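Numbering (mature numbering (1 follows the signal peptide of the UniProt record, and there is no 0)), first residue to last: -23 to -1, 1 to 403.
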């Protein structure tokens, strides 16, 4: 069986310090200075939730602009108390988005937060390819882990961080006795079950629970190695699960397994007893996680809620409803009262929405982020791939060095570094 195909991709490790996002109370001046500044509209939540082990639900999002269409500024990680109260706290901004050009990179999904490691697993859209990544909030580094393009990728993490185990579904189910941190980890993963494609996956001790596109709830073992999928135990089949366009979440409690979809949240006992099926909520759910006897979920309108799984009458509690914080923020990298200061930086303009960004210059006078090659200077040896980069084979500050004894071949005004391989005759 083939393991999940890991394609080569640009962002192996990217640390881009774009700058501080300045904010103040929204006023008429803020609106007049658009697009250099904007009053925040409602917070647009990205799909996915996490739990910090300290009574807070975590999610990601970006404020919409009240003047233009779409998001404005940097995306951020937020949290709200799981007990309710709608007290939103911003944990940190996420640097490194490149919203135009060949290096396009944008956050679009929140997978998991590991509190002991203080590690955030997220997904970036990088030039049309979804990248399963780690974001380091201390170094502002995006660390790409797996390229999951054209793969039915479903991750699952062991709850005990002291005994880490990671399982993922692709064209088969694979396991790692660690939490992944590098793209090479996919090559080290062991095949647990052949060919099985899932849309939900969870670890419970040394057992695996999963859902399929055919509406099946299956149970397996982490101790299996290269097992065939017919060795999985069928627990129950659900017609709504089979007909769902997509399963947005799969979660376990002490005695039940639940899935979320456009029709709500539904669950069965872990033994598959269909007579004890439960329908907790009946609204469009786009993300769901569990903690103890509570499920936390996100609706298609961005509302974050909790529902108790104990008792005969589930209690739903609203944790957060997307609203504006009435703040004015400068466009990324800009500062000053009119949000037009771009100190030691280059102004880049996004072609789709006309929003400027101030990209700091590096020690060579090149922007740390670029949208097009001309922003990197007039040298034909330098291209823009999100950052100003030497052409393949070239190196040096001006990118004119051609390997060890290489020859520069020019064609139609473009250089190519050609390394001659000499045969040694014995």
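C-beta: ideal position from N, C-alpha, C; glycine also. In this text, all values refer to a predicted model and were calculated from it rather than measured experimentally.
| Item | Value |
| --- | --- |
| So residue 305 is in the beta strand (DSSP E); what residue range does that whole segment cover? | 304 to 307 |
| Run the CB neighbour count on residue 191, radius 10 Å, all protein chains shown included, and call it buried at 16 or more, exposed below. | exposed |
| Out of curiosity, what's the CA-to-CA distance linking residue 184 and residue 195? | 11 angstroms |
| In the structure shown, what three-state DSSP assignment does residue 319 receive? | coil |
| Residue 135: which of 127, 86 and 199 sits nearest, CA to CA? | 199 |
| So, with DSSP's three-state summary, where would you put residue 93? | coil |
| Could you pull out every unbroken beta strand (DSSP E) segment of at least 3 residues lying fully inside the region 117 to 191, listed in chain order? | 118 to 124, 131 to 134, 143 to 147, 149 to 153, 167 to 171, 177 to 181 and 184 to 188 |
| What residue does the beta strand (DSSP E) around residue 64 start on, and which one ends it? | Segment: none, residue 64 is in no beta strand (DSSP E) and carries neither H nor E. |
| Starting from residue 33, follow its DSSP beta bridges and name the residues at the other end. | 58 |
| Rounded to the nearest angstrom, what separates residue 172 and residue 247 at their Cα positions? | 23 angstroms |
| Alpha carbons only, please: which of 268, 149, 33 and 167 is nearest the one belonging to residue 155? | 167 |
| Give me the Cα-Cα distance between residue 30 and residue 391, rounded to the nearest whole angstrom. | 55 angstroms |
| Whole angstroms are fine: how far does the CA of residue 327 sit from the CA of residue 46? | 13 angstroms |
| Counting pairs of beta carbons, one from the region 300 to 318 and one from the region 261 to 281, are three or more of them closer than 8 angstroms? | no |
| Please confirm whether residue 37 and residue 87 have their CB atoms less than 8 angstroms apart. | yes |
| Considering only C-alpha positions, which residue in the set 122, 370, 276 and 74 is nearest to residue 265? | 276 |
| So what does DSSP say about residue -13, is it helix, strand or coil? | Note that residue -13 scores 41 on pLDDT, short of 50, meaning its location in the model is unreliable and no value can be drawn from it. |
| Considering Cα atoms alone, identify which of 371, 379, 337 and 357 is closest to residue 72. | 337 |
| Could you tell me which uninterrupted beta strand (DSSP E) segments, each at least 3 residues in length, are contained entirely in the region 310 to 393, listed from first to last along the chain? | 322 to 326, 333 to 337, 359 to 361, 365 to 367 and 384 to 388 |
| Between which two residues does the alpha helix (DSSP H) holding residue 6 run? | 5 to 9 |
| Buried or exposed: which applies to residue 103, given that a residue is buried once 16 or more other Cβ atoms fall within 10 Å of its Cβ? | buried |
| May I ask you to list the residues that DSSP assigns as paired with residue 52? | DSSP output for residue 52 lists no bridge partner at all. |
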